[in-house]
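In order, the protein sequences belong to chains X and E.
Under the UniProt record's numbering, the first residue of the first sequence is numbered 1, with each subsequent residue one higher.
Under the UniProt record's numbering, the first residue of the second sequence is numbered 1, with each subsequent residue one higher.
Protein chains: 2
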Amino acid sequence: MSRLLAFVSAAALLATPVMAQSVDRVAVNNIIDQGLNHSQVMQNAAYLTDRIGGRMTNSPQMRQAEQWAQAQFRSYGLSNVRAEGFEFGRGWSIVRASARMTAPRPLDLRVIPVAWTPSTNGTISAGVVVAPLSKVEDFDKWRGQLSGKIVMVSLPGTGSEPTEPAFRRLTAAELADRNAYVQPQYSPAAIQRQLETADFAAKLDAFLVEQGALAWVRISQRDGGLLHGTGYTYQVGATPKLAGLELAAEDYRRLARLALTDTPPTLELNSEVQFHDEDVNAYNILADIPGTARGTEYVMAGAHLDSWVASDGAVDNAAGSAVVMEAARILKTLGVQPKRTIRFALWNGEEQGILGSLAYVDQHLATRAPSNDPALANLPNNRTWRTRWPVQPRAGHKDLVAYFNLDNGSGKIRGINAEGNVAAAPIFQEWLAPFASMGATTVSLRPAGGTDHVYMQTVGIPGYQFIQDPLDYSSRLHHTSIDSYDHLKAEDLRQAAIILASFLLNAANRDAPLPRMPLPTEPTPTDPFEYRAD
Amino acid sequence: MSRLLAFVSAAALLATPVMAQSVDRVAVNNIIDQGLNHSQVMQNAAYLTDRIGGRMTNSPQMRQAEQWAQAQFRSYGLSNVRAEGFEFGRGWSIVRASARMTAPRPLDLRVIPVAWTPSTNGTISAGVVVAPLSKVEDFDKWRGQLSGKIVMVSLPGTGSEPTEPAFRRLTAAELADRNAYVQPQYSPAAIQRQLETADFAAKLDAFLVEQGALAWVRISQRDGGLLHGTGYTYQVGATPKLAGLELAAEDYRRLARLALTDTPPTLELNSEVQFHDEDVNAYNILADIPGTARGTEYVMAGAHLDSWVASDGAVDNAAGSAVVMEAARILKTLGVQPKRTIRFALWNGEEQGILGSLAYVDQHLATRAPSNDPALANLPNNRTWRTRWPVQPRAGHKDLVAYFNLDNGSGKIRGINAEGNVAAAPIFQEWLAPFASMGATTVSLRPAGGTDHVYMQTVGIPGYQFIQDPLDYSSRLHHTSIDSYDHLKAEDLRQAAIILASFLLNAANRDAPLPRMPLPTEPTPTDPFEYRAD
Numbered sequence: 001m002s003r004l005l006a007f008v009s010a011a012a013l014l015a016t017p018v019m020a021q022s023v024d025r026v027a028v029n030n031i032i033d034q035g036l037n038h039s040q041v042m043q044n045a046a047y048l049t050d051r052i053g054g055r056m057t058n059s060p061q062m063r064q065a066e067q068w069a070q071a072q073f074r075s076y077g078l079s080n081v082r083a084e085g086f087e088f089g090r091g092w093s094i095v096r097a098s099a100r101m102t103a104p105r106p107l108d109l110r111v112i113p114v115a116w117t118p119s120t121n122g123t124i125s126a127g128v129v130v131a132p133l134s135k136v137e138d139f140d141k142w143r144g145q146l147s148g149k150i151v152m153v154s155l156p157g158t159g160s161e162p163t164e165p166a167f168r169r170l171t172a173a174e175l176a177d178r179n180a181y182v183q184p185q186y187s188p189a190a191i192q193r194q195l196e197t198a199d200f201a202a203k204l205d206a207f208l209v210e211q212g213a214l215a216w217v218r219i220s221q222r223d224g225g226l227l228h229g230t231g232y233t234y235q236v237g238a239t240p241k242l243a244g245l246e247l248a249a250e251d252y253r254r255l256a257r258l259a260l261t262d263t264p265p266t267l268e269l270n271s272e273v274q275f276h277d278e279d280v281n282a283y284n285i286l287a288d289i290p291g292t293a294r295g296t297e298y299v300m301a302g303a304h305l306d307s308w309v310a311s312d313g314a315v316d317n318a319a320g321s322a323v324v325m326e327a328a329r330i331l332k333t334l335g336v337q338p339k340r341t342i343r344f345a346l347w348n349g350e351e352q353g354i355l356g357s358l359a360y361v362d363q364h365l366a367t368r369a370p371s372n373d374p375a376l377a378n379l380p381n382n383r384t385w386r387t388r389w390p391v392q393p394r395a396g397h398k399d400l401v402a403y404f405n406l407d408n409g410s411g412k413i414r415g416i417n418a419e420g421n422v423a424a425a426p427i428f429q430e431w432l433a434p435f436a437s438m439g440a441t442t443v444s445l446r447p448a449g450g451t452d453h454v455y456m457q458t459v460g461i462p463g464y465q466f467i468q469d470p471l472d473y474s475s476r477l478h479h480t481s482i483d484s485y486d487h488l489k490a491e492d493l494r495q496a497a498i499i500l501a502s503f504l505l506n507a508a509n510r511d512a513p514l515p516r517m518p519l520p521t522e523p524t525p526t527d528p529f530e531y532r533a534d
Numbered sequence: 001m002s003r004l005l006a007f008v009s010a011a012a013l014l015a016t017p018v019m020a021q022s023v024d025r026v027a028v029n030n031i032i033d034q035g036l037n038h039s040q041v042m043q044n045a046a047y048l049t050d051r052i053g054g055r056m057t058n059s060p061q062m063r064q065a066e067q068w069a070q071a072q073f074r075s076y077g078l079s080n081v082r083a084e085g086f087e088f089g090r091g092w093s094i095v096r097a098s099a100r101m102t103a104p105r106p107l108d109l110r111v112i113p114v115a116w117t118p119s120t121n122g123t124i125s126a127g128v129v130v131a132p133l134s135k136v137e138d139f140d141k142w143r144g145q146l147s148g149k150i151v152m153v154s155l156p157g158t159g160s161e162p163t164e165p166a167f168r169r170l171t172a173a174e175l176a177d178r179n180a181y182v183q184p185q186y187s188p189a190a191i192q193r194q195l196e197t198a199d200f201a202a203k204l205d206a207f208l209v210e211q212g213a214l215a216w217v218r219i220s221q222r223d224g225g226l227l228h229g230t231g232y233t234y235q236v237g238a239t240p241k242l243a244g245l246e247l248a249a250e251d252y253r254r255l256a257r258l259a260l261t262d263t264p265p266t267l268e269l270n271s272e273v274q275f276h277d278e279d280v281n282a283y284n285i286l287a288d289i290p291g292t293a294r295g296t297e298y299v300m301a302g303a304h305l306d307s308w309v310a311s312d313g314a315v316d317n318a319a320g321s322a323v324v325m326e327a328a329r330i331l332k333t334l335g336v337q338p339k340r341t342i343r344f345a346l347w348n349g350e351e352q353g354i355l356g357s358l359a360y361v362d363q364h365l366a367t368r369a370p371s372n373d374p375a376l377a378n379l380p381n382n383r384t385w386r387t388r389w390p391v392q393p394r395a396g397h398k399d400l401v402a403y404f405n406l407d408n409g410s411g412k413i414r415g416i417n418a419e420g421n422v423a424a425a426p427i428f429q430e431w432l433a434p435f436a437s438m439g440a441t442t443v444s445l446r447p448a449g450g451t452d453h454v455y456m457q458t459v460g461i462p463g464y465q466f467i468q469d470p471l472d473y474s475s476r477l478h479h480t481s482i483d484s485y486d487h488l489k490a491e492d493l494r495q496a497a498i499i500l501a502s503f504l505l506n507a508a509n510r511d512a513p514l515p516r517m518p519l520p521t522e523p524t525p526t527d528p529f530e531y532r533a534d
C-alpha cells in the first residue's frame, strides 16, 4: 500500500461514525487497564475451586460459596447484595468413598458416589452381577439373580479412540460457520412424550431393593480414568434406598470382563455421604451497581455458582462466576455511574435443570399459564415450562434490557450469540470492535442452549451467551474429576472479564434499550401433521 | 484399463520372481487363517492384565506371570520351556495406598507409592512444605525447614494443553519419513558424564531423613488425573528410609496453591507396600519350536513380560507378550517344521534398564571387556555396557540369525525398522509384501531404541523392532494408571501376531542366514575435538 493510500484509508477509518457513536472508548481503555493489570479473577477462581471445592446445590460447600460471594461483592462496594431463595430440595455431600476389588486380586478402584444416593452404612462386600439395566423392560431378564449382589447396571462398552485434539481454539472458519442460521424446531408430540417418561432412576432403585441387591455401580461416561458423576433425584422425600456408585470406565470394564471368567470378582464398597435439609431453599446471589438516570431499568450479567459432583467445578463454572465477579470489581473500582442499574447474578441449581435463573425469571420477569394437563400438574416448573402458554409478563419484564451469560468454561470470548435478534446484532458488532485484537470479533445469530440465559429467551428477555474458545471443556473437563483450577487460563479469563464489563457498561448507558424480540407465543409445529408414534 | 492390458499386467505380476522365491505364500495363508479366525491373543492379554495385573519385576504378580506363561507355552506344545535367571534384586509390591487432604477441607487424592520406597507404617498426618528438590544444590535452601513435614519435592507447573489427537495411526507421509536415515552419534564425554552422575534419589532420601521429614510426595508427570509411577532403586540394600508417593498433577498443584494461602493444607498419607527378597533372581521365559535342518542356528521373537507400577501393563507390554505367545501358538498349531529353531522370549527387568534381554545377550551371545575405569567397576552391567570395548563374541553369537521385538503397544504392524542394515532391508520388503492390504508396507533403515533388541544390536546380532501404529500409547497409556485391557485393539494385535509368525517362519527357513552388520567396534566420536565441560 502506498503512503498516500494508507493515509486515505486511516482517515476513512477515523471518520467511521458508527463506533464513535455507541462505544465510550476511553471507558474501554480504563476497563482494559483494570482488567489486565489489576485482575483478581484468578484469585477468586482459586478460592472457589481450591479452597471451597465442588459446590453442589445446597451442600455445605455451596452455602459457603454463597456467603463468600456476597462478602466479595460487598468488599467491592456493590449495593443491595443479597441472597434470593427459591425452593429446591435437599443438599447432599460426600464424606468419603472407596471401592476395592478383593478377588481375584486386590486392587483399589476409582469411584464416586452417585449424587443423592444414600450411604452404604459401612463397608459392604459382595460378588457382582453384570446386569445392564437401562429401561423397565430390562428388569424381567435379571429378576431373581440379584439377591446379595452388587449390581453392575451399565453395559461395559469399549475404550475410546480420541482422534480429535482435546484442547483447541476456534478457527476463523469455525467462527464464520457459527453464523449459519438454524431454524427453531417445535414438536408438541415430542415434548409430551418426554414429560410422560417418568424417571427411571426411582424405578431402578425400587426393583433392586425388591430383588435384594446390596448396592449398584455404573460406569463413568468417559474413559481415561475420569469420573463424571451422575444423579438428579434431589427432591425431599425422593431418597433412593440403595447406594449407587460410579466407577472409572477402566475399572468397571475390568470387573465386567473378570465376571465372565472362572475367577469372578468380589468388591468392597464404602460410600459415606450426608444429606442436608436444614434449609430446602437454594439461593441466587445478586448485587447491583445502581443506575443514575433510567429508573428501574437494569442490565445484568450472570453465571452459575453451583457445580457438579466429581471435582472442584473450575471450568463449570467457577470460571464464569469469577469473570462476573471480576466485571463487577472492575466497574466498581473505576467508579462508573451507569444510567441503568448493572446487576450481577450468581445462579444456583443450574446443574439440576437451570433452576436458579428460572426462579428469577418466574419471580421477576414473567410466568407461564398453569398446565392444562392434570397429569403434568405436579411436575417441577422447569419440566413443563416450555409447554405452558401464554407467557404472562410481570411488572419487571420491561425493566431488564439485556442479560449476558457466561458458562462455557475458561476460553476467551470470541464473540456473542445474538439469538436470532437481527436488530441487536449490529449493535453487538460495534461493542465488540475494540476487542478485535483480543480475538473477539464474531456476532452469530444462532441461539445457544443449555444454560442460564435460556429461560430469559423463553419469555422475550434479550438474554445472550458469549461465544468462547472451547479449549478442553467438552473433551475432558466438563463435569469430570479433573475439573480443577489447573485447567483455567488466566489470560482468557482476564479478557472475558474485560469484554463483559464493557458490554454491561454499553448496555447500561445506551440511550435506547437493546432491541427485543417479540413476546413469544406458542409456535406452530414444525410438522403440523406429526402423529405420535408411541 | 483395457481387458487386454489387464491380462498382460496380471501376467507380469505373476511372473515377478522375487516374491515366489523367498516367501511361502501357502504358509502365509495358513498363518492368516489361524491368526484371524482362531486367535487367542486377547484371551492371553486379558489374563496378563485383568487377572494378574501389573507385573513389576520380582513382584508376586510377575512370578505368577512367569509361571503362567510357561504353562501356556507348554500347553501349545512348545519344547524346552524354561525360566532362565539373572541377578536382579528385590521385588516390591503395593498392598494399598491412600492420600487425603484433611485441611482446609477434606478431599481424597489420587496417589501411588513411588516404587521401592518403604511403607509409611500406618497413616501419617502432617502439614506440607513445597520444596522443589531436583539436585543436590537445592538442599541448602530448605535445610532446617522440613522437620515433621510432608515434603512436596516437585515444581508444580501448570496444566497441559493437549493440541494433538491422543489416538492416531501413521499416515503414508509419516511412514515415508520413517525411512530418512539418521546418523549414529557417539560422544565418549557425554557417556562419561552420565556415568559419574550418581543417583539423586538416594541423596534426596538421606537429606530428607537428616532433616526430619516424615515422607515426600512428587507430582505425576502427566495431568488429566493420570498417575505415572516412578522409582528405580531396586538393588538389595539400597532401600530408602522414607516413603515417597506420587500424586495426580491436579491434586499436587491444588496442595501447592493452598500452601501459598492463609489456609495451608494438611495431608494424611498411608502407603503399605511389601518387599520380596526370597529370590533375588529375575527370570526370562524361553520356549522353542525345534529346528530340523540347521543345527544350533535359531531365530527369535521377544517382548518384555514385566510391566511398570501404575496399572495392568496392557500396552506396555502385555500386548507384545500376547503377540509373541500367539505367534508361537499359531506356528505350533500349524505344525511347522522349521529348518532353524524358532525361540520365543518373554523378557524380565525391561522397565529397570532392559536387564533381561541384556542378561541373555551376555550369557549366550557376546560380552564386553571389563571396564578399565575403577570408578565404574561397581556399576551395574547395563550402565557401563556401551563404554566397554571390545565386543567379545561367545560361541552362540553365530547361531542367532535374527531377533524380532515388539514393544510399542497395541497398534498394528506398519513395517519394520531395519537398523541401518541395507542388506536385510530388501528381504524384509519381500516378507512384508503379503501384508500390504493389512497396512504393513514400510521398511525403514532407521534404528529404533529403548527396548529389548538394542543390546542385540550392540553386539552385532540382527535385532529388529517392528513399526507399529502409535494409537494412544505415548499420549496417555505408557506407564499410566489407565494402561489396562480396555485400550488394547483386538484387530491390531491379531495382525501383529500373523506378521510376526510369518517373519519368524521366513527367517527360520531362509537358505542363507539374514545378512548381518559387521561386529561393532568402538566408533570414532562424532566430534573428535569435543572438550568435557563440567
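For glycine and all other residues, C-beta sits at the position ideal for the given N, C-alpha and C.
So that I know if they touch, is there some Cβ in chain E lying closer than 8 Å to that of residue i?
i: S59(X); result: no
i: L226(X); result: yes
i: F275(X); result: no
i: S75(X); result: no
i: T158(X); result: yes
i: L258(X); result: yes
i: P525(X); result: no
Just mark residue i as buried or exposed, buried being the case when its beta carbon has 16 or more other beta carbons within 10 Å.
i: F200(E); result: exposed
i: P390(E); result: exposed
i: Y473(E); result: buried
i: N30(X); result: buried
i: F428(E); result: buried
i: Q352(X); result: buried
If you follow the beta strand (DSSP E) that residue i is part of, which residue opens it and which one closes it?
i: G415(X); result: I413 to N417
i: S220(X); result: It is not in any beta strand (DSSP E) - S220(X) carries neither H nor E in the DSSP assignment.
i: G212(E); result: No beta strand (DSSP E) contains G212(E), which DSSP labels as neither H nor E.
By the DSSP assignment, the alpha helix (DSSP H) with residue i in it spans what residues?
i: W431(X); result: A425 to L432
i: P118(X); result: Element bounds for P118(X): n/a, residue is neither H nor E.
i: V95(E); result: Counting along the chain, V95(E) falls outside any alpha helix (DSSP H), though it belongs to the beta strand (DSSP E) covering G91 to A103.
i: R494(E); result: A490 to N509
i: R329(X); result: A319 to T333
Which residue or residues does DSSP assign as beta-bridge partners of residue i?
i: W347(E); result: H304(E)
i: Y403(E); result: M300(E) and G463(E)
i: T524(E); result: None, per the DSSP bridge assignment.
i: V111(E); result: L247(E)
Under the three-state reduction of DSSP, which class applies to residue i: helix, strand or coil?
i: residue 536(X); result: Any question about residue 536(X) goes unanswered here, given that chain X covers just 1 to 534.
i: M152(E); result: strand
Kindly indicate if chain X contains any beta-carbon less than 8 Å away from that of residue i.
i: I482(E); result: yes
i: H487(E); result: yes
i: G53(E); result: yes
i: R253(E); result: yes
i: M19(E); result: Any reading at M19(E) must be qualified, since the residue scores a pLDDT of 44, below 50, and its modelled position is unreliable; the value itself is stated next. False, the Cβ-Cβ gap to chain X never drops below 8 Å.
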